[in-house]
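Undergrad:
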Amino acid sequence: MSDEMDLLIPESLPEDHRSGFVALVGRPNVGKSTLMNAYLGQKIAIVSEKPQTTRQRILGILTEPKYQIVFVDTPGIHSPHHLLGEYMVTTAKRTLKDADVILWLVDGSVPPTPEDVDIGQTLREAAKVPIILAVNKIDLVPEGDRDGIAAQYLALADIHAHALISATRGDNRDRLLEMIVDALPLGPRYFPEDQVTDQDERFLAAELIREQVLRECHQEVPHSVAVIVDEFKDRSDELSYISATIAVERESQKQIVIGRGGGMLKRIGQGARLEIEKALGRRVYLELWVKVLPKWRRDPALLKRLGYVLPPEADSKD
Ligand SMILES: Nc1nc2c(ncn2[C@@H]2O[C@H](COP(=O)(O)OP(=O)(O)OP(=O)(O)O)[C@@H](O)[C@H]2O)c(=O)[nH]1
Ligand SMILES: [Mg+2]
Numbered sequence: 031m032s033d034e035m036d037l038l039i040p041e042s043l044p045e046d047h048r049s050g051f052v053a054l055v056g057r058p059n060v061g062k063s064t065l066m067n068a069y070l071g072q073k074i075a076i077v078s079e080k081p082q083t084t085r086q087r088i089l090g091i092l093t094e095p096k097y098q099i100v101f102v103d104t105p106g107i108h109s110p111h112h113l114l115g116e117y118m119v120t121t122a123k124r125t126l127k128d129a130d131v132i133l134w135l136v137d138g139s140v141p142p143t144p145e146d147v148d149i150g151q152t153l154r155e156a157a158k159v160p161i162i163l164a165v166n167k168i169d170l171v172p173e174g175d176r177d178g179i180a181a182q183y184l185a186l187a188d189i190h191a192h193a194l195i196s197a198t199r200g201d202n203r204d205r206l207l208e209m210i211v212d213a214l215p216l217g218p219r220y221f222p223e224d225q226v227t228d229q230d231e232r233f234l235a236a237e238l239i240r241e242q243v244l245r246e247c248h249q250e251v252p253h254s255v256a257v258i259v260d261e262f263k264d265r266s267d268e269l270s271y272i273s274a275t276i277a278v279e280r281e282s283q284k285q286i287v288i289g290r291g292g293g294m295l296k297r298i299g300q301g302a303r304l305e306i307e308k309a310l311g312r313r314v315y316l317e318l319w320v321k322v323l324p325k326w327r328r329d330p331a332l333l334k335r336l337g338y339v340l341p342p343e344a345d346s347k348d
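The working numbering puts the first residue of the sequence shown at 31, with every later residue one more than the last.
(1) Between the Cα of G56 and the Cα atoms of S63, V278, I107, Y271, which residue gives the shortest distance?
(2) Can you say whether S270 is buried or exposed, counting buried as having 16 or more other CB atoms within 10 angstroms of its CB?
(3) Between A197, V320, N67, which has its C-alpha nearest D137's C-alpha?
(4) So is the beta-carbon of K167 under 7 Å away from any non-hydrogen atom of ligand 1?
(5) Taking the beta carbon of S254 as the centre, do at least 16 other beta carbons fall within 10 Å, making it buried, or is it exposed?
(6) Which whole runs of the alpha helix (DSSP H) in the stretch 144-213 are 4 residues long or more, in chain order?
(7) Under a three-way DSSP split, which group does F221 fall into?
(8) Inspect the beta-carbon positions of P141 and L186 and report whether they are closer than 8 Å.
(9) Would the C-beta of D103 count as close to ligand 2, meaning under 7 Å from any of its heavy atoms?
(10) I need the straight-line Cα distance from P342 to R313, nearest angstrom please.
(11) Flag this pair as yes or no: are the beta carbons of L70 and Y338 separated by less than 8 Å?
(12) Mapping the DSSP letters down to three states, classify I306 as helix, strand or coil.
(13) Closest to K296 by C-alpha separation, out of C247, D103, S78, R87, would be which residue?
(14) Only counting the same chain, and skipping five residues up and downstream in sequence, which positions put a Cβ closer than 8 Å to that of A193?
This is how it looks when you write it as structure tokens:
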């Protein structure tokens, strides 16, 4: 071991300690956030049946005696139709450049889509680190069809290793984790061992509210929603007060989110309160408001105000 390595690795860690950033990338809805949450054993990133759930880069830090994996969950890569979408795709692509390992997740219950082909192309052009392919949702695929589907994805990029997994049921999740650790470089812990994410409680609360909107509302409404936490106060050790605004793009969407007699907003609030209480480990008093911010997804100033700010660029160009 070199002198330089000795400096990087504190004595308490084994000599072969591995660490690094693992970019979780793929098209929307393939199960990236589900897989990260499964490895962390808690809800770090919100999950929904609808595509384009994750909008920002979210870290999930898994620390074990022999390694520290920093998962970087990213928005699904797609063809964007507005500035928010462009922001999401750029965020995901920038993450590729900072990664030590790329974990490319695909939906094994369907053959590759044009978006998968494009991502394969991007990876062929941009990736300088090992790419591990995880063919997810195999619980939905008859055993005899699995290898055939995997072969179609394997042909799309230069793949270092691959696994057929089910993020929800657990098939091959441990095997995949071993592959990730094996592909990581030797290195120190980048984060304290008890830190699991880079998100603060305000961001988490906003996301858990948005998750309920995704669950309860349909068509274009979930995609037109942003959540801002206006106030977050600890009233005591056991109780926090949170006041948040659900921003939508049009008056008609506001009516849908409020619902008849306020019923929809009440359901969103009840669901979110339970999730936030679970995440924070204390009781929460949650107050929700709904406001129209016209065309916020196309407005650079509003995007910034809502917290959609690009992560710094690693290299010269996207
Ligand atoms: N059957 C099955 N469903 C899964 C599996 N993994 C994830 N899902 C479901 O797929 C849907 C999308 O999961 P997410 O984790 O939100 O997907 P994502 O890739 O993070 O999506 P974006 O954030 O939109 O890019 C959810 O309904 C999950 O429950 C799996 O292994 N099997
Ligand atoms: Mg996600």
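Glycine included, each C-beta is placed from N, C-alpha and C at the ideal position.
TA: Here's the rundown:
(1) Reading the sequence shown from its first residue, position 26 is the one you call residue 56. That would be I107, whose Cα lies nearest to the Cα of G56.
(2) One-based indexing of the sequence shown puts residue 270 at position 240. Per the 10 Å Cβ criterion, buried.
(3) Residue mapping note: residue 137 aligns to position 107 of the sequence shown, counting from 1. Ranking the options by Cα distance to D137, first place goes to A197.
(4) For the purposes of this step, residue 167 is taken as residue 137 along the sequence shown, with counting starting at 1. Yes, the beta carbon of K167 sits closer than 7 Å to at least one heavy atom of ligand 1.
(5) Taking the sequence shown and counting its residues from 1, the one referred to as residue 254 is at position 224. With 16 or more other Cβ atoms within 10 Å, it is buried.
(6) 144-156, 173-184, 203-213
(7) Numbered from 1 along the sequence shown, position 191 holds the residue referred to as residue 221. DSSP places F221 in coil when its eight states are reduced to three.
(8) By one-based count along the sequence shown, residue 141 stands at place 111. By one-based count along the sequence shown, residue 186 stands at place 156. Contact: no.
(9) For the purposes of this step, residue 103 is taken as the residue at position 73 of the sequence shown. Yes; taking the cut-off as 7 Å, the Cβ of D103 has a heavy atom of ligand 2 nearer than that.
(10) By 1-based counting over the sequence shown, the position of residue 342 is 312. By 1-based counting over the sequence shown, the position of residue 313 is 283. If I take the Cα positions, the gap works out to 36 Å.
(11) Here residue 70 is taken as the residue at index 40 of the sequence shown, counted from 1. Here residue 338 is taken as the residue at index 308 of the sequence shown, counted from 1. For L70 and Y338, no; Cβs fall outside 8 Å.
(12) The residue labelled residue 306 in the question sits at position 276 within the sequence shown. Reduced to three states, the DSSP call for I306 is helix.
(13) Taking the sequence shown and counting its residues from 1, one reaches residue 296 at position 266. Comparing Cα-Cα distances from K296 to each of C247, D103, S78, R87, the minimum goes to C247.
(14) Here residue 193 is taken as the residue at index 163 of the sequence shown, counted from 1. Correct list, in chain order: I162, L163, A164, V165, N202, R205, L206, M209.
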